[in-house]
Amino acid sequence: PPGNRDPEADEVEACWEFLVRQIRTVRPKVLVCLGRVAASALLRTGLPLNVLRGKPRTFQGVPLVVTWHPSFLLRNPSAKRGAWEDLKIAMALAGMNPGKGAARGG
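Numbering-wise, the sequence shown is residues 64 to 169 according to the numbering used here.
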């Protein structure tokens, strides 16, 4: 939305069916929500991000992982380690092995 504001409920609803169709068409192995706005929209919750992180959830039968938005990580570098842990969960759900040779957050 303009001015980087949070979307209004009617704006989320206007995009909802398109998003659901896209997810059904693509059939991703895992979804990763980057930030509160994405997580709130997909999970239809007002829970804070720190409550939603760290535990896989599902959306339309697809595993879903919530993590920090990249802009938050730029302002809060100490959160990168937690974001990396979230991404490792997503990678495992997608059948990928982050392994020791993978890039590290931090």
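C-beta atoms are modelled at their ideal positions from N, C-alpha and C, and glycine is treated no differently.
Predicted model only: the values in this text are computed from it and were never measured.
C-beta contact flag for residue i and residue j at 8 Å
i	j	result
V125	A153	no
D115	W131	Checking the sequence shown, residue 115 turns out to be Leu, not Asp. No, these two residues do not count as a Cβ contact at 8 Å.
L14	F122	Examination of residue 14 is not possible in this model, given that the chain is present from 64 through 169 alone.
A65	E74	Note on residue identity: the sequence assigns Pro, not Ala, to residue 65. Not closer than 8 Å, so no.
Counterpart residues of residue i in DSSP-defined beta bridges
i	result
P126	T121
C78	Answer is none; C78 lacks a bridge partner.
L97	T130
Length of the line joining the Cα atoms of residue i and residue j
i	j	result
A157	K118	15 Å
R99	R107	11 Å
M159	S134	26 Å
W110	G162	It is worth fixing the name first, because residue 110 is Leu in this sequence and not Trp. Approximately 32 Å, taken between the alpha carbons.
G169	A155	Interpretation of G169 is limited by its pLDDT of 45, a score under 50 that renders its predicted location unreliable; the figure taken from the coordinates is listed afterwards. For G169 and A155, the distance between alpha carbons rounds to 20 Å.
D69	E148	26 Å
V89	R138	32 Å
A72	I86	20 Å
L82	N67	20 Å
A146	K92	19 Å
P140	C96	19 Å
R144	R84	33 Å
Best match in the options for proximity to residue i [C-alpha to C-alpha]
i	options	result
L105	K92, P91, R120	R120
W171	S103, A142, R138	Not covered by the structure: residue 171. The range shown for the chain is 64 to 169.
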